[in-house]
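Peer 1:
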Amino acid sequence: MQNRIFLVLTLILVIGLISTLTATTTKAATSGTSITLYAGPVTSGSGTYGYGTSASKITSPGPTLNLVEGTAYTITVNNVATNMAHSFEIVSTKAISTPLFGAGIDITSFIPAGSSGQVTFTPNQTGNFYYVCTVPAHIGLGMWGNVVVSTTTPSPTVAEFPSALTLIFVALAITAMAAFVARQKNRPKNFVKS
Ligand SMILES: [Cu+2]
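Each residue of the sequence shown is one higher than the one before, counting from 0 in numbering that gives the first Met the number 0.
#1: Have a look at Ser-59 and Pro-40 and give me their C-alpha separation to the nearest angstrom.
#2: So what's Lys-93 in DSSP terms, helix, strand or just coil?
#3: Taking all protein chains shown into account, decide if Met-142 is buried (16 or more other Cβ within 10 angstroms of its Cβ) or exposed.
#4: I believe Ile-74 touches Ile-34 by the beta-carbon criterion, under 8 Å. Please report the beta-carbon distance rounded to the nearest angstrom.
#5: Helix, strand or coil: which one does DSSP assign to Phe-87?
#6: Determine the burial state of Ala-158: buried for a count of at least 16 other Cβ atoms within 10 Å of its Cβ, exposed for fewer.
#7: According to the Cβ coordinates, are Phe-87 and Gly-101 closer than 8 Å?
#8: Who are the Cβ neighbours of Asp-105 in its own chain at under 6 Å, not counting the five residues just before and after it?
#9: Measuring only the C-alpha atoms, how far is Lys-56 from Thr-125?
#10: Below 8 Å CB to CB, which residues in the same chain sit around Tyr-129 once its five sequence neighbours on both sides are set aside?
#11: For Thr-107, is the classification buried or exposed, using 16 other Cβ atoms within 10 angstroms of its Cβ as the cut-off for buried?
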């Protein structure tokens with residue numbers, strides 16, 4: 000009877016943990032993200048033009064974009080300048096080139112002042128890259144930022160996976176303990192018999 004209760008409890012625990020792990024993995028694989036950047040004159044620090052996460056906080060270099068390989072991103076760039084065109088593209092070196100992952104917004108026509116542009120792309124390569132403005136001389140005036148593409152989300156999604164694995168090991172340890180307790184209970188009976 001005791002053995003059966005232990006078995007059922009352990010089974011429920013293991014099934015619960017496996018479903019948690021599956022849910023975590025699915026979440027990491029399917030999450031898509033929207034990113035909004037603001038391009039224009041820097042609001043603080045060095046540089047002439049830059050990028051920011053809000054119109055009131057534009058810096059040079061702009062904010063680092065931490066991306067996950069295989070995840071679809073939609074980047075919207077709002078040009079908040081009053082009379083200067085800007086653009087956006089991801090490149091391997093800090094220079095105007097063919098955009099990586101097809102991640103380019105108006106790279107030859109440029110985004111007019113007060114307008115915005117958008118691109119959806121999926122990084123298919125990990126590494127350290129850059130985003131730049133393709134308007135001549137703008138990279139030198141500060142219009143660039145870092146792009147880091149990794150295989151997993153930096154945090155907190157990645158932290159869920161090892162802890163789920165740890166819980167499975169705990170479940171295995173509980174199973175072993177339950178088996179040990181069951182043996183100890185049977186032992187005196189056997190001892191008396193023999
Ligand atoms: Cu620019």
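By construction, the Cβ of each residue, glycine as well, lies at the ideal position given by its N, Cα and C atoms.
Quick caveat: nothing in here was measured; it's all calculated off a predicted structure.
Peer 2: Based on what the coordinates show:
#1: 9 Å
#2: coil
#3: buried
#4: 5 Å
#5: strand
#6: Model confidence at Ala-158 stands at a pLDDT of 41, short of 50, so the residue's coordinates are unreliable and nothing is read from them.
#7: no
#8: Ser-86, Gly-116
#9: 28 Å
#10: Ile-89, Val-90, Ser-91, Thr-92, Lys-93, Trp-143, Gly-144, Asn-145, Val-146
#11: exposed
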